[in-house]
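Numbering (this note's numbering), first residue to last: 1 to 313.
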């Protein structure tokens, strides 16, 4: 049987090729391209694409015909706007739980020990013996009960936190003390000391955290967003922070990236901005998912982590 050719379409495509040596040894032709333009000479040449969603979207817009796309990102929004639906799309799961959990818990602890204030006091040579807080006994509310949310829930529980979740259905999930359906969002938010968003950007999640949502929070609550920027209203969040309606935020994802210099979140009260660094894309992990799915593709089996393009996840 002829093994389908594979196009690896990403700025770091060579790193993926190095991880996919076993496929090449078994007779699979792999071609690397850092950008879409260099891969469109023959739009039917590659039935299988492993790639970065924004670049793959350009490739499809150029007329390429593919049967299966394996994303290298957890988020696949650039591919959801494609008019075509004649390909299978698979995502990346079970690899981002650990790094995202590291990020979230780092900022939970930073807020609890008042790290920013202590560093500022040190810079001013000001002795400040204020007591630190602790996550123990506090409630972390996680929007999204998928693989990332479940990993985070386990670690937060190990810190002595009560963990609640929010999902579309509100069905019980192991590792969570309670799970709320989306229709009970305000109640879910009102109980949390830390609200952590892990949600993807879909029509159903866009703008979910708006002015009314922030009004439901405790004044002592913190928000950490490691999902996608469009899930929250950035200007409503900046207003809530400035008014003291919530205690602070740590944000790693935004509607527009890089974050524009005039965005109010840059200088909002007790708001930490990071440059989409929480989820490290590790070629070795993603290549392992692709290798397994490629063999499934050859044998006609169902692919792992298939994405419903209509729902966006």
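We put the CB at the ideal spot given by N, CA and C, even for glycine.
Inclusion of residue 165 and residue 182 in the CB contact set at 7 Å is not warranted, their separation being larger than that value. Note that the C-beta distance between residue 233 and residue 212 is not below 7 Å.
DSSP, reduced to helix, strand and coil, places residue 293 within a helical segment of the structure shown. Judged by DSSP secondary structure, residue 147 falls outside any beta strand (DSSP E) and instead within the alpha helix (DSSP H) spanning 147–158. Sequence-distant Cβ neighbours of residue 238 in its own chain, meaning closer than 7 Å and more than five residues away, are 264, 265, 268. By the CB criterion at 7 Å, residue 28 and residue 3 fall inside the cutoff. Apart from the 5 residues on each side of it in sequence, residue 172 sits with its Cβ closer than 7 Å to the Cβ of 179 in its chain, given in chain order. The three-state reading of DSSP puts residue 266 in helix, counting H, G and I together. Between residue 9 and residue 20, the CB-CB gap reaches or exceeds 7 Å. Comparing C-alpha distances from residue 168 to each of 33, 42, 6, 142 shows the shortest one belongs to 142. Pairing residue 313 with residue 200 gives a Cβ-Cβ distance under 7 Å.
Here residue 293 has 70, 90, 303, 304 as same chain residues with Cβ atoms under 7 Å from its own Cβ, once five neighbours each way along the sequence are excluded.
Taking the Cα of residue 193 as reference, the smallest distance to any Cα among 131, 130, 112, 144 is reached at 112.
Approximately 7 Å separates the beta-carbon atoms of residue 244 and residue 219; this is inside 8 Å, confirming the contact. Taking 7 Å as the cut-off, the beta carbon of residue 225 is found no closer than this to the beta carbon of residue 271. For residue 195, the enclosing beta strand (DSSP E) starts and ends at 194–197.
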